[in-house]
Structure formats: structure tokens, C-alpha cells
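Scroll down for the structure; my scribbles are underneath it.
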Ligand SMILES: NC(=O)c1ccc[n+]([C@@H]2O[C@H](COP(=O)([O-])OP(=O)(O)OC[C@H]3O[C@@H](n4cnc5c(N)ncnc54)[C@H](OP(=O)(O)O)[C@@H]3O)[C@@H](O)[C@H]2O)c1
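Numbering (the UniProt record's numbering), first residue to last: 1 to 284.
This is how it looks when you write it as C-alpha cells:
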């Protein structure tokens, strides 16, 4: 019933996440192939990119409430006001710079992560590629500039690709790592086809690219790590953050709570799939 109500609301107003206005095949989180990945590790390690505000901050807040979680919470600009992040950080939350639009910054982050984790014999169990941008949302396929498309692709596609690649190159990813690429309903071709007029062309195209990246990584990361890795993309819903805006329908707490439940329930058969924050499969 609640799902039906939110479908109606999305139909009327959805901006960033039109996903509920289309018909998904219903794959609930509880139906995901289960391996109980989370509990097999005494001290799980998470990486959250874009942790200073919005969904990244809420991921960090919920994860930091469990003192056995180690969190590498990354921020684009460490010189900015990080008081929100500091106020929710636990003793095992490490705030590190990582501008995901810069290969140099990503490489320096991977080195810092190795310095932190390797002496403790820890590796990364969950990589949450959350940082993203919606640059030039009013541009359409007919007005899109090279600059807008390139900025969206750089941050939304190349960023998650390079963060993953650099952490892998440092041998920091657990053989059963769960990697989440934060996508959007607008990254789905099927969902985008159902929206008239179409929305946020440069962003939408970049998130479709992120979905394609997920498919590529689901083969290559698994191959490199020997078989147990799972890479997925997720649609967080339309959430009240700076990007989602005040008209959004979901609180960050609900979106992130749902996504963490889904991520902790991921099994090997879920590799390369696309889920909503409620664990339903999204059509490509
Ligand atoms: N909110 C929604 O309704 C919604 C819907 C679908 C998908 N999403 C996706 O969910 C993710 C988080 O969105 P949000 O709603 O939390 O957005 P937000 O409130 O705008 O926050 C974006 C976060 O990404 C960071 N970021 C941007 N560019 C970066 C870069 N070059 N390097 C490192 N960090 C960077 C920002 O850091 P600064 O503060 O330093 O800029 C900020 O922490 C994004 O990938 C977004 O596309 C959101």
C-alpha cells in the first residue's frame, strides 16, 4: 500500500527519481540471493565517497552508529565546513580527502587508505561510490554543451571507475567486496522513456554510463579478485538533499536504511544488477 502511495506521488512530481512511475519486476531485498556477507567479518570496513552532506553523510551516520564498523569517509574539499560530518563520526571513522574528478586526488586517497588499513590487516568490504553531480540540469539533448556532459561523466562515471581501480591496485578490496555505484532512475533507459518531457540530459546520460560501467566492473573486478566480488548500481529514490531538493519525497534516513539492508543482503548472484533502495530490480 505504501508503495502504491509513493507511486502516485512520483507520477505527479518526480524530478530526479521517476522510478516509481514505471513497472519494475518485483525483486524484494529479502529475495536477493543471501550470503550474510556482513556478519562474516569481525570489523567491516566501508568507504563512502562524498560523505560531507546528503546521502553520503547519512550513510556515514548510520554506519558510524555501529562501533565495530571502520569507515573511510571521503570529502572533495577538506578545507570546507565539515562540522556535520565531524559531529556524527565515530572513533573508527576516518575523514580523508578524495576529489573524484581528479585522478591525482583519487590516487592519493588510495595510498592513504593503504597506510591506514594494511598495517591492521584490514581490507575494504563495502565501497559506496556515492559522490555525484547534476551539472546543468536544465540542458536537454538539443542544448547540451560539451562542458556539461563532460563534467557529469567525469564525476559520475570516471570517478567511480578510478576510485575502484585505484583501491584494487593497492590490493585493498576484499575478495568478497560489495561495490555500490550510486545511480538514479534517470540512468535507466526504460524509466527515462516513460518521462515526458525528458529530464536532466547530461546527468541522465552520465548515470546510464555509470550503469554500463557497473556491468563492465561486475566482470573485471570479480575476475581480478577471484570470484566472490559483487558490483551493483542503485537508485536511492527521490531524496531530500541539496541535489534532490525540498520537493523530494523521501528522507535520507529511509533511503539509506533501505540501501544498507539491500547491500548487506547482496549475494553472488546479484553481481551486475540494478536495484532501488527497497531492493527491487530496476529495468535497464
Ligand atoms: N537526492 C536524490 O534524490 C538522488 C536521486 C538519484 C540519485 N542520487 C545520487 O545520489 C548520490 C548522492 O546525492 P545527494 O543527493 O547526496 O547529492 P548532494 O546533496 O548534492 O551531495 C553530493 C555529494 O557528492 C559530493 N561530490 C560532488 N562532486 C564531487 C567530487 N568531484 N569529488 C568528491 N565528492 C564530490 C559533494 O561534495 P561537495 O559538498 O564537496 O560538493 C557531496 O558530498 C549522487 O550520486 C546522486 O546522483 C540522488
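Quick reminder that beta carbons are idealized off the backbone N, C-alpha and C, glycines included.
All values reported here derive from a predicted model rather than from experimental measurement.
N- and C-terminal bounds of the alpha helix (DSSP H) containing residue i
i	result
residue 152	146-153
residue 164	159-169
residue 286	Residue 286 cannot be examined here, being either before or after the span of the chain that is shown, 1 to 284.
residue 230	It is not in any alpha helix (DSSP H) - residue 230 instead sits in the beta strand (DSSP E) that spans 230-235.
residue 135	It is not in any alpha helix (DSSP H) - residue 135 carries neither H nor E in the DSSP assignment.
residue 211	201-225
residue 256	252-264
residue 64	54-64
residue 193	189-193
residue 85	83-88
Residue i versus the options, residue with shortest Cα-Cα distance
i	options	result
residue 80	55, 139, 96, 198	96
residue 231	247, 160, 71	160
residue 103	267, 154, 171	154
residue 265	177, 220, 113	177
residue 162	126, 229, 213	213
residue 211	220, 197, 189, 201	189
residue 179	152, 94, 191, 165	165
residue 101	94, 122, 131	131
residue 194	47, 119, 128, 284	284
residue 268	229, 245, 240, 280	229
residue 119	200, 128, 171, 156	171
residue 53	69, 192, 45, 77	77
residue 187	48, 282, 56, 50	282
residue 66	43, 51, 139	43
residue 49	68, 114, 126, 247	126
residue 235	208, 69, 68, 218	208
residue 198	255, 270, 139	139
residue 255	280, 270, 271	280
residue 108	191, 51, 169	169
CA-to-CA distance, residue j to residue i, given in whole angstroms
i	j	result
residue 147	residue 226	39 Å
residue 260	residue 273	16 Å
residue 257	residue 276	12 Å
residue 250	residue 238	6 Å
residue 183	residue 233	6 Å
residue 58	residue 223	32 Å
residue 253	residue 215	28 Å
residue 106	residue 143	32 Å
residue 134	residue 116	32 Å
residue 98	residue 74	6 Å
residue 220	residue 136	32 Å
residue 62	residue 141	38 Å
residue 112	residue 121	14 Å
residue 174	residue 46	11 Å
residue 56	residue 205	22 Å
residue 185	residue 90	32 Å
residue 200	residue 245	14 Å
residue 278	residue 262	7 Å
residue 94	residue 218	27 Å
residue 156	residue 247	23 Å
residue 196	residue 243	21 Å
residue 151	residue 145	10 Å
Delimiting residues of the beta strand (DSSP E) encompassing residue i
i	result
residue 98	Here residue 98 belongs to no beta strand (DSSP E), and DSSP marks it neither H nor E.
residue 173	173-182
residue 124	124-129
residue 71	70-75
residue 276	274-276
Closer than 7 Å: residue i CB and nearest ligand 1 heavy atom
i	result
residue 235	yes
residue 55	yes
residue 174	no
residue 231	no
residue 259	no
residue 155	yes
residue 108	no
residue 77	yes
residue 43	no
residue 180	no
residue 189	no
residue 242	yes
Rounded distance between the beta-carbons of residue j and residue i, thought under 8 Å
i	j	result
residue 60	residue 82	Not a contact, Cβ separation roughly 11 Å.
residue 92	residue 71	7 Å
residue 158	residue 202	Not really, about 14 Å apart at Cβ, beyond 8 Å.
residue 110	residue 88	Wrong, their Cβ atoms sit about 24 Å apart, outside the cutoff.
residue 129	residue 181	5 Å
beta-carbon residue i near ligand 2 non-hydrogen atom, thresh 7 Å
i	result
residue 140	This structure simply doesn't include ligand 2; it includes ligand 1 instead.
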